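Accompanying notes for the structure given below.
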Amino acid sequence: MDSFIGIRFKKETAKRFQEFSRTHFKSHTEALETMLNFFFYNEISPKEKLGPTGRTIEAKLLKRINAVIAIMRDVEKTQTKPTAAMIQSLFEIEEPKKKPLIVEKKYAEEQPKVRFQEKQNHHNEH
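Quick note on numbering: full-length UniProt numbering labels position 63 of the sequence shown as 63, and the sequence is numbered without any gaps.
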């Protein structure tokens, strides 16, 4: 069995370490050993910052995702839907309108034109 040694810490620091150690590790020795290994194997100093926190990264990602969604909606509105409408209109079948045949005047049936028509004035009626 390994022997133990006492190390002196400030009271507040010792309390913080004990709470941290109890929640994440089986023993204080395991907690301290894991922390030392973390800094040693990753070749970083405990005094340097590792960069943005998870919250700031999440906030930036959400902003970028919202920007991408806005771009996609704009593309859909300005490009996809109009293109789909044009393609659909190409495939729609309309019955051709019946136009009168062009016939020589002498063969065309003339319809009598009304030259004079009685004027209808609704304002003068009592």
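Virtual Cβ for every residue (Gly too), placed ideally from N, Cα, C. The model shown is predicted, which means the values in this text are computed figures rather than measured ones.
Rounded straight-line distance, which links the Cα of residue j to that of residue i
i: Asn66; j: Met35; result: 38 Å
i: Ser45; j: Gly51; result: 13 Å
i: Ile57; j: Ala85; result: 40 Å
i: Phe4; j: Glu48; result: 30 Å
i: Ser89; j: Val75; result: 20 Å
Simplified DSSP state of residue i, which is helix, strand or coil
i: Thr53; result: coil
i: Lys99; result: coil
i: Lys63; result: helix
Sequence-distant residues of its chain with Cβ nearer than 6 Å to residue i (five each side left out)
i: Ala28; result: Residue 28 is actually His in this sequence, not Ala. Same-chain partners within the cutoff: Ser21.
i: Glu118; result: none
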